[in-house]
Amino acid sequence: MIWKFLLGVYIAIITILAFVIPIGFIPGLGERARIIFLHVPSAWLSVIAFFVAMIYAVRYLRSKNIYEDVKSAASAEIGFLFCFVTTVTGSIWAKFNWGSFWNWDPRETSIFVLLLIYGAYFVLRSAIEVEERKATLSAVYSIIAFVTVPFFIFIMPRIMPGLHPGSKGDPEGAGPVVTFKMDPNMRILFFASLLGFTLVYLWIFKLRSRMEILKIKIQNKIYQEV
Amino acid sequence: MEFRLIGKDIRKSFGRLLVFDSINFELINGSSLAIAGKNGSGKSTLVKIIAGLLSPSSGEVIYQVDGREIDKLDWFKFVGFVAPYLQLYDEFTGYENLEILAKIRGLKSYEAKIKNVLERVNLYSRRDDLVRGYSSGMKQRLKYACALLHDPIVLILDEPTSNLDSEGVEMVWAIAEEQKKNGILIVATNEPEELKMCDEVINLDELKLKMKRQIVK
Amino acid sequence: MLSSIWAIFLKDLKSEIRTRYALNALLMFVVVTISMILFATAGEVMSGELLSGLLWVVIFFSAMSGLSRTFVSEEDRGTVIFLQLATRPSVVYFGKLLFNLVLIFGINFFVVIAYLLTMENFKVKSFDVFLSALILGGLGLASASTIIAAIIAKANTKGTLYPVLSFPVLLPLLITTINMTQLSIEGAKLAETFGHLRILFSYFVVVVIASYLLFDYIWKE
Amino acid sequence: MGLYEFLEKNSIYLVLIIALIVWFSVFVYLVRVDVKLKKLEDEFAKLENKEEVGK
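Dropping the structure here:
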């Protein structure tokens, strides 16, 4: 319990620092670059969460243990949540930096696709009643989805010109934010924030999967008694 | 060639519903096994597991040739399977169905074999009719032809005589006798008469009773 | 192995020729969507860019109406066990993939012909770019939709779910092909689209390999 | 009054406070779920143990 409390304090400190540390002047972004401490970690995390979901999907296919499937779904849910947070924060930021909430920048497209893929994933899960079949098919789908996602996250934004900092055709000035040639303070805080987000993710993930596993156990119990 | 078919502690449950538990058997060339039980007792599930169409929840089925284990992907080479839920392509003729099967299986010089099995199940004269026009008994005969096409070592019959007339039933008995000479025969049925086709019997109803008693204890 | 794949492909082709399950519906679908576009934009002058986007809309939805048939019809008619008992899962997968490839190239061919005849502003300047977009796009489209058709065939709601599941997986491909088609209208050289070609090709390879590895799990429960 | 005027001039700190409040409520929620779940798990484990002893 104590580390959870500490995590709370840690996140609070990071949030405060994210607003107050001097970040130096970044042309084209200015103070708006501070979003990197919240927006980018949550984007990273959604990808990590989806990756974990895929790992558990593979493990499910190997072992056919329904708990692995539960964990896979739990991680996908959290990934979806973080993905949503990223989309909303990014969109609000875009309004002030680029002038409109949505511009179909390659990176915006890619996050939109992520939302679509995992939206479809949950639809698929809800459409199948037999538990094992649901687990198998959704595992296969999440793996197929995951092997096509890299095209978006890693390749497309670099090939197609876009507005987002770090994409091809980006004005030289904003580059440092993504290539990590940024201010040392900023870099430390960025990674600290990434760590904090990861811990939060792990915590929620643990909670979610424990909850679902307990649910299954209780249902089994009830079934046995009847 | 010594063939061995082993079932070890097979258990199957659909979600929370346990179908059967701890089923064990060992069959070699010339032996036969009947699976008895009421409707819904899991006969079909068990034969599907043995044929490799379903995976057991725990335990395993092993195919061995001369002591060497066969990879699950290659089981299809050894299994012939007849069941009511097995469907054929009804837009093709009887002969075409067999031809397709032979080609997919990669059998060589299959014309003679197809002729042979068609004669065995007494469908040769109707070989060029579309399966759509077949009666249910004829479809059942064609399934036998499909199952026997590659001379399977393991022949699995689920409800062997469903839809068949008395002549057809005789044919099934002849096929069963032939199979037991050198191969393995597995029959799932709820008719006591057909249990006699086989030397050993697994009764899923009794198994269930036993399980219940254990739980009560 | 190869002959078995070919046998499955031939079986599907023959069955398709006899029953015309997918073919008729597909051709009508193409006709209907194209005339829909014509009605909706009657009198408007559409730019080449817009038209190249619409071309892929037509191709995508036609594919969605036809490509799931190979698996769904096996599942509906209960002939799955026939195939399961006859060969390895991967053989079935590649046989079906081959069939879907032929089908998608048929669709593409038909759509493009119909499109060129009806859309006056659709003038392709560099045919090599356009053709490679169609071919590589077709490969990718068939590969992804085949594995998703296999998933769909086992789910309860087959028809509605198919485009829902396919669309996000296919988007990287569609965006690239649309982009390439636009470039072909602008008259770009093939060498300029090298990046696109690489994306399309690696998409196809990645999806086929993943499907090959995963198909066993879907095919047999 | 000083604080109000301060926040009015430096609205970034207002945003900071809102962010902190959001984080705080998320944490409180997570801790509550955690505690409740722990309780349920313990109860369930007890139930299972009892049955095994009963057998």
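Chain order of the listed sequences is A, B, C and D. full-length UniProt numbering numbers the first residue of the first sequence as 1 and each following residue consecutively. full-length UniProt numbering numbers the first residue of the second sequence as 1 and each following residue consecutively. full-length UniProt numbering numbers the first residue of the third sequence as 1 and each following residue consecutively. full-length UniProt numbering numbers the first residue of the fourth sequence as 1 and each following residue consecutively. A virtual CB, placed ideally from N, CA and C, is assigned to each residue, including glycine.
(request) Give the secondary structure of phenylalanine 29 of chain C by DSSP, where H, G and I count as helix, E and B as strand, and everything else as coil. (result) DSSP places phenylalanine 29 of chain C in helix when its eight states are reduced to three.
(request) Give the residues of chain A in contact with tyrosine 203 of chain C, contact being defined as C-beta atoms less than 9 Å apart. (result) Chain-order list of chain A residues neighbouring tyrosine 203 of chain C: Thr148 and Phe151, by C-beta distance under 9 Å.
(message) Taking the straight line between their C-alpha atoms, what separation do you get for threonine 136 of chain A and alanine 49 of chain A?
(response) A straight line joining the alpha-carbon of threonine 136 of chain A with that of alanine 49 of chain A spans about 19 Å.
(request) Following the continuous alpha helix (DSSP H) through glutamate 167 of chain B, name the residue where it begins and the one where it ends. (result) Unbroken alpha helix (DSSP H) run through glutamate 167 of chain B: 166 to 182.
(request) Kindly indicate which residue of C:Leu171, C:Asn156, C:Leu170 and C:Val129 has the alpha-carbon position closest to the one of glycine 195 of chain C. (result) Minimum Cα distance to glycine 195 of chain C is reached at C:Val129.
(request) Give the straight-line distance between the Cα atoms of asparagine 85 of chain B and lysine 77 of chain B, rounded to the nearest whole angstrom. (result) A small fix is needed here, since residue 85 of chain B is tyrosine in this sequence, not asparagine. So the two alpha carbons sit approximately 20 Å from each other.
(request) Mind listing the chain A neighbours of phenylalanine 44 of chain D? Cutoff is C-beta to C-beta under 9 Å, in chain order. (result) Contact annotation for phenylalanine 44 of chain D against chain A: Leu214, Lys217, Ile218 and Lys221 [CB-CB distance below 9 Å, chain order].
(request) Spell out the partners DSSP gives alanine 34 of chain B in its beta bridges. (result) B:Val187 and B:Val201, per the DSSP bridge assignment.
(message) Please list, in chain order, the residues of the segment 65 to 82 of chain C that have any C-beta partner in chain B closer than 8 Å.
(response) Taking 8 Å as the Cβ-Cβ cut-off against chain B, the residues of the segment 65 to 82 of chain C that qualify are Arg77, Gly78, Thr79, Ile81 and Phe82.
(request) Starting from the beta carbon of glutamate 91 of chain B, find every residue of chain C whose beta carbon is closer than 9 Å, and list them in chain order. (result) Lys14, Ser15, Arg18 and Thr19, listed in chain order.
(message) With a threshold of 7 Å on Cβ separation, who are the neighbours of methionine 119 of chain C within its own chain once the five nearest residues in sequence on each side are excluded?
(response) Once the five neighbours on either side are set aside, the close Cβ partners of methionine 119 of chain C are Leu51.
(request) Give the residues from the segment 147 to 171 of chain C that approach chain E closer than 9 Å (Cβ to any Cβ), ordered along the chain. (result) This model lacks chain E altogether, as its protein chains are A, B, C and D.
(request) Output the residue ranges of the beta strand (DSSP E) runs that lie fully inside the segment 51 to 92 of chain B and measure 3 residues or longer, sorted by chain position. (result) Taken in chain order, the unbroken stretches of beta strand (DSSP E) that lie wholly in the segment 51 to 92 of chain B and span 3 residues or more are 58 to 65 and 79 to 82.
(message) Please list, in chain order, the residues of the segment 1 to 26 of chain B that have any C-beta partner in chain A closer than 9 Å.
(response) Residues Phe14, Gly15, Arg16 and Leu17.
(message) Which same chain residues end up closer than 6 Å to asparagine 68 of chain C when comparing Cβ atoms and leaving out the 5 residues on each side of it in sequence?
(response) The sequence shown places serine at residue 68 of chain C, not asparagine. Cβ within range, chain order: Ala149, Ile152 and Tyr162.
(message) Output needed for serine 44 of chain B: all residues of its chain with C-beta closer than 6 Å, excluding positions within five of it in sequence on either side, in chain order.
(response) Excluding positions up to five away in sequence, the list reads Asp158.
(message) Cβ closer than 7 Å: which chain C residues qualify as neighbours of arginine 107 of chain A?
(response) The premise fails here: arginine 107 of chain A is roughly 13 Å from chain C at the closest Cβ pair, so nothing lies under 7 Å.
(request) Note down the Cα distance separating alanine 133 of chain C from valine 102 of chain C, rounded to an integer number of angstroms. (result) Cα to Cα, the separation comes out at about 16 Å.
(message) Contact criterion: CB-CB distance below 8 Å. Does isoleucine 8 of chain C meet it with respect to chain B?
(response) It does; some Cβ of chain B falls within 8 Å.
(request) Given a cut-off of 8 Å, decide if phenylalanine 44 of chain D and isoleucine 218 of chain A are closer than it, judged by their beta-carbon atoms. (result) Contact flag set, yes.
(message) Does arginine 11 of chain B come out as helix, strand or coil in the three-state DSSP assignment?
(response) Reduced to three states, the DSSP call for arginine 11 of chain B is strand.
(message) Any beta carbon from chain A within less than 8 Å of leucine 7 of chain D's own beta carbon?
(response) No, leucine 7 of chain D lies away from the interface with chain A (no Cβ there is under 8 Å from its Cβ).
(request) To the nearest angstrom, report how far apart valine 147 of chain A and phenylalanine 215 of chain C are at their CA atoms. (result) Taking the straight line from one Cα to the other gives about 15 Å.
(message) Using only CA atoms, which one of D:Ala19, D:Val35, D:Leu16 and D:Asn10 lies nearest to isoleucine 2 of chain A?
(response) Isoleucine 2 of chain A has its Cα closest to that of D:Val35, out of D:Ala19, D:Val35, D:Leu16 and D:Asn10.
(request) Compare the C-beta of glycine 169 of chain A with all C-beta atoms of chain D and state if any pair is closer than 8 Å. (result) Any reading at glycine 169 of chain A must be qualified, since the residue scores a pLDDT of 49, below 50, and its modelled position is unreliable; the value itself is stated next. Output row for glycine 169 of chain A: interface = no.
(request) Identify each residue in the segment 82 to 96 of chain A for which the Cβ-Cβ distance to at least one residue of chain D is less than 9 Å, and report them in chain order. (result) The residues in question: there are none.
(message) For the alpha helix (DSSP H) containing glutamate 74 of chain C, name the first residue and the last one.
(response) Note, glutamate 74 of chain C: alpha helix (DSSP H), 69 to 77.
(message) In this structure, how does DSSP classify serine 193 of chain A when only helix, strand and coil are distinguished?
(response) Serine 193 of chain A carries a helical assignment under DSSP once its states are collapsed to helix, strand and coil.
(request) To the nearest angstrom, report how far apart asparagine 39 of chain B and proline 41 of chain A are at their CA atoms. (result) Counting only the Cα atoms, proline 41 of chain A lies some 57 Å from asparagine 39 of chain B.
(request) Please check the pair serine 75 of chain A and tyrosine 60 of chain A, which I expect to be a contact at CB under 8 Å, by giving their CB distance rounded to whole angstroms. (result) Tyrosine 60 of chain A and serine 75 of chain A do not touch by the CB rule: their CB atoms are close to 12 Å apart, not below 8 Å.
(message) Within the continuous alpha helix (DSSP H) that includes valine 208 of chain C, where are the two ends?
(response) Segment 194 to 219, the alpha helix (DSSP H) holding valine 208 of chain C.
(message) If I follow the unbroken alpha helix (DSSP H) through valine 88 of chain A, where does it start and stop?
(response) Looking at the DSSP string, the run of the alpha helix (DSSP H) that includes valine 88 of chain A is 66 to 97.
(message) Using 8 Å as the threshold, is the C-beta distance between leucine 118 of chain B and tyrosine 110 of chain B below it?
(response) Taking 8 Å as the Cβ cut-off, leucine 118 of chain B and tyrosine 110 of chain B do not qualify as a contacting pair.
(request) Could you check if serine 209 of chain A is buried or exposed, using at least 16 other CB atoms within 10 Å of its CB as the buried criterion? (result) Taking all protein chains in view, the Cβ of serine 209 of chain A is crowded by 16 or more other Cβ atoms within 10 Å, so the residue is classified as buried.
(message) Using 8 Å as the threshold, is the C-beta distance between phenylalanine 25 of chain B and leucine 33 of chain B below it?
(response) Judged by their CB atoms, phenylalanine 25 of chain B and leucine 33 of chain B are nearer to each other than the 8 Å cut-off.
(request) Could you name the residues of chain B that glutamine 84 of chain C contacts, counting a contact when the two beta carbons are closer than 7 Å? (result) The answer, in chain order, is Leu53.
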